[in-house]
Structures are given as C-alpha cells and as structure tokens.
Amino acid sequence: MNFGRDDMIGAWTLEGTFVEDADGKRTPTWGDNPKGIIIYTADGHMTAITRRGDRTLPASGSSADDKAAAFDTYLNYAGRWSLAANVVTHHIQHARDPNWVGSDRDRTIDFQGDRMVFSGLAGDGKTNAIIIWRRAQ
Amino acid sequence: MTLSPSDLHGAWALDEWYVESEDGKRTAPFGRNAQGAIMYTEDGYMTAIVSAAERFLPADRPGDAQKAEAFSTYFNYAGRWTIDGDSVTHRIEHALDPNLVGVEMTRAIDHQGNRMIFTGTMSDGKTQNVIIWKRR
Numbered sequence: 021m022n023f024g025r026d027d028m029i030g031a032w033t034l035e036g037t038f039v040e041d042a043d044g045k046r047t048p049t050w051g052d053n054p055k056g057i058i059i060y061t062a063d064g065h066m067t068a069i070t071r072r073g074d075r076t077l078p079a080s081g082s083s084a085d086d087k088a089a090a091f092d093t094y095l096n097y098a099g100r101w102s103l104a105a106n107v108v109t110h111h112i113q114h115a116r117d118p119n120w121v122g123s124d125r126d127r128t129i130d131f132q133g134d135r136m137v138f139s140g141l142a143g144d145g146k147t148n149a150i151i152i153w154r155r156a157q
Numbered sequence: 319m320t321l322s323p324s325d326l327h328g329a330w331a332l333d334e335w336y337v338e339s340e341d342g343k344r345t346a347p348f349g350r351n352a353q354g355a356i357m358y359t360e361d362g363y364m365t366a367i368v369s370a371a372e373r374f375l376p377a378d379r380p381g382d383a384q385k386a387e388a389f390s391t392y393f394n395y396a397g398r399w400t401i402d403g404d405s406v407t408h409r410i411e412h413a414l415d416p417n418l419v420g421v422e423m424t425r426a427i428d429h430q431g432n433r434m435i436f437t438g439t440m441s442d443g444k445t446q447n448v449i450i451w452k453r454r
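In structure tokens, the structure reads:
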C-alpha cells in the first residue's frame, strides 16, 4: 500500500516483535507478551519504546543486578525522523543505550490495514527483525 | 491561564530540570547539562525522556554495575495524557522503571513564550520539582 508521512503521524502500540532467520524460524525479541509504543509527531520527532510485559523492580533498595535486568528488558530512543519511499530513518538523539545516540536506524515499512510492519536487518547482520505496530486505540 | 491541548502538541526539548528545597536551594538531579524531550500527540499519547549528559556504557559486554548506572541516569515513560485547567496528567503505560506503570503524574504548567514550565511537589511534600521545556 502506498503511504506518506501523514499515515504515520500519531501513536501506535506494539503487537509483536521477533527476529526471523533464513529458514523462517521466528524468535520473539521480548517474550510472549511484548509491550510498546511508537510516536511520530507532525513536527518531525519520534520516539519508540519496546519492552517485555513482565518486568519488575523492587520499589526500594534495588540492587545493581535488579537495575541491570530492568535495563536489559526495555528499549527506548527518540529523535527526528524522515521518510524516503517506504523506508523510515530515525535519527537518534536520546537513547536508553548511550551508544545509540548519533546513529541512524532505517526500517522498511509495509502498511497492512491498520497495521504498520517494520522490517530490517537485526544486529547480527543476518536475521530479519520484524516489528508489528497497530494504530493506538 | 487555561491550557488548550494544542498548546502542548508536538515536541519539546528539555531546557532545565531542578528540584528546589523549602529554603530555595536548587539542585540538578541529572546535572546542569541534562538533555531530554517531551512529545504530545493529537491522538492523546505522550512520552518524556530526561537523560544525564554524561552517560557511558561499554558497547561490548557491559557489566551489571555499568548497566545499573545507565539505568539510573535515564528517565523515560509514555502513556495517555489529558489537561484540566492549567494542569496536565500523564497516565503511565510504559516506563524504564516498571514501578511507574499505572501511575498518574499531574503537573501544573506555566506557559512563558516558547517555554513551558512544569511544577510539582516531590513525594516528601515539601521539595518542588521544576522541569522547563522549550519548543524544538
């Protein structure tokens, strides 16, 4: 489906996120109950959060291990965005992992009804990372 | 001043975050060069990020203590928002600190030109939390 910037603006909730290997085998990124949101603003900014659905942290006295686990089960970044044909680029200005700041992330988008499906090479450079977003209700 | 949703729509950059004690002493929890963004969409969602300026994490196999430090120098949540009078309420659905999920945060807003100033009382009931955002 042809789409433009206006089709992306607003909020989307995460429906699924997984990596798919060459044999079509799917491995969920954040377990069986992933949660998340992606936001595109009309004035050119975006942010994304994806996470496990079952995260916990002691409300007081949490240890370094507890915080590291909370850190490892949550992704977030924000920055400007641009669209060229069916590829969106996120220009990262803020990120949970400080190593991501200043980098660009490209995702190919396929619109399927009220779903927006991202695909792109995963960090290993081989498997395909798929993220399925649905219009926030 | 009564706020209108369109006063908030779009993206803002963090200008300053400090807490002020009863005797007027100000401290900046994430340092004077803290960075951040807040966004409000017309379809009712928002997100906020506040980050210390000097954060470091080894790109290869960081340890738990290093991850805990990265966790403690970054603040992020997202959810739905509404305004009532001169206050905005954020209903948190996702947060780096999972204890914030389900929490409602209400902030009084003072609009000053291209800046919006959030104020709220900290959990001690005395210290003021002040966050200043400016239009991107």
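Residue numbers (the numbering used here), protein chains in the order written: chain R, 21 to 157; chain U, 319 to 454. Note that beta-carbon positions come from the ideal geometry of N, C-alpha and C, so glycine has one too. A quick note: this is a predicted structure, and the numbers were derived from the prediction, not measured.
Option nearest residue i by Cα separation, candidates the options
| i | options | result |
| --- | --- | --- |
| Arg116/R | Arg433/U, Gln353/U and Tyr336/U | Gln353/U |
| Gln163/R | Val108/R, Trp153/R, Ser83/R and Ala142/R | In the structure as shown, chain R starts at 21 and stops at 157, and residue 163/R therefore has no counterpart that could be examined. |
| Thr128/R | Thr67/R, Gly56/R, Ala104/R and Thr61/R | Ala104/R |
| Asn96/R | Thr49/R, Ile57/R, Leu141/R and Asn148/R | Ile57/R |
| Asn22/R | Thr147/R, Met136/R and Glu35/R | Met136/R |
| Gly64/R | Asp404/U, Ala331/U and Trp451/U | Ala331/U |
| Tyr395/U | Leu321/U, Arg379/U and Asn417/U | Asn417/U |
| Asn148/R | Gln157/R, Phe138/R and Ala156/R | Phe138/R |
| Gly342/U | Arg453/U, Arg454/U and Thr445/U | Thr445/U |
| Asp26/R | Pro54/R, Trp50/R, Ala62/R and Ala90/R | Ala62/R |
| Gly431/U | Glu387/U, Arg453/U, Tyr358/U and Pro323/U | Arg453/U |
| Lys55/R | His429/U, Phe436/U, Val406/U and Ala413/U | Ala413/U |
| Asn351/U | His327/U, Glu387/U, Thr359/U and Ala371/U | Ala371/U |
| Tyr12/R | Thr37/R, Ser102/R, Gly81/R and Lys45/R | The requested residue 12/R is not part of the displayed model; chain R covers only 21 to 157. |
| Arg100/R | Ser80/R, Ser123/R, Ala79/R and Thr37/R | Ser123/R |
| Lys5/R | Ala89/R, Arg75/R, Ile150/R and Gln157/R | Limits of chain R in this structure are 21 at one end and 157 at the other, which puts residue 5/R out of reach. |
| Arg398/U | Tyr358/U, Asp325/U and Gly381/U | Tyr358/U |
| Arg72/R | Thr37/R, Asp86/R, Ala98/R and Asp85/R | Thr37/R |
Test item: CB-CB of residue i and residue j under 9 Å
| i | j | result |
| --- | --- | --- |
| Ser369/U | His114/R | yes |
| Val107/R | Asp134/R | no |
| Val39/R | Thr33/R | no |
| Thr67/R | Thr365/U | yes |
| Gly403/U | Met423/U | no |
| Thr93/R | Trp120/R | no |
| Glu387/U | Leu375/U | yes |
| Val406/U | Arg425/U | yes |
| Gly30/R | Arg155/R | yes |
For residue i, the three-state DSSP class (helix, strand or coil)
| i | result |
| --- | --- |
| Gln132/R | strand |
| Leu418/U | helix |
| Arg428/U | Here residue 428/U turns out to be Asp, not Arg, going by the sequence shown. Note: Asp428/U maps to strand in three-state DSSP. |
| Gln157/R | coil |
| Asn119/R | helix |
| Asp124/R | strand |
| Arg72/R | coil |
| Asp361/U | coil |
| Ala396/U | strand |
| Phe374/U | coil |
| Phe389/U | helix |
| Arg100/R | strand |
| Asp52/R | coil |
| Met440/U | coil |
| Arg25/R | helix |
| Ser139/R | strand |
| Phe348/U | coil |
| Ala90/R | helix |
| Asp144/R | coil |
Backbone CA spacing between residue i and residue j [nearest angstrom]
| i | j | result |
| --- | --- | --- |
| Arg373/U | Ala346/U | 16 Å |
| Asn447/U | Lys385/U | 26 Å |
| Asp333/U | Ser339/U | 20 Å |
| Gly420/U | Glu411/U | 6 Å |
| Ile449/U | Gly443/U | 17 Å |
| Ser83/R | Ala383/U | 9 Å |
| Thr400/U | Phe389/U | 28 Å |
| Glu35/R | Met28/R | 16 Å |
| His408/U | Asp52/R | 27 Å |
| Asp43/R | Lys146/R | 12 Å |
| Gly349/U | Asp130/R | 42 Å |
| Tyr392/U | Ile367/U | 7 Å |
| Tyr363/U | Ile356/U | 11 Å |
| Asp41/R | Ala377/U | 24 Å |
| Asp428/U | Gly143/R | 43 Å |
| Ala90/R | Gly81/R | 14 Å |
| Ser322/U | Trp335/U | 24 Å |
| Ala166/R | Gly328/U | Residue 166/R lies beyond the stretch modelled for chain R, which goes from 21 to 157, so this question has no answer here. |
| Asp86/R | Val337/U | 27 Å |
| Ser324/U | Gly381/U | 44 Å |
Supposed close pair residue i, residue j - CB separation, criterion 8 Å
| i | j | result |
| --- | --- | --- |
| Met440/U | Trp451/U | Not really, about 19 Å apart at Cβ, beyond 8 Å. |
| Asp415/U | Leu77/R | 6 Å |
Residue-chain proximity (residue i, chain B), Cβ-Cβ < 9 Å
| i | result |
| --- | --- |
| Asn96/R | Protein chains R and U are contained in the structure displayed, whereas chain B is not. |
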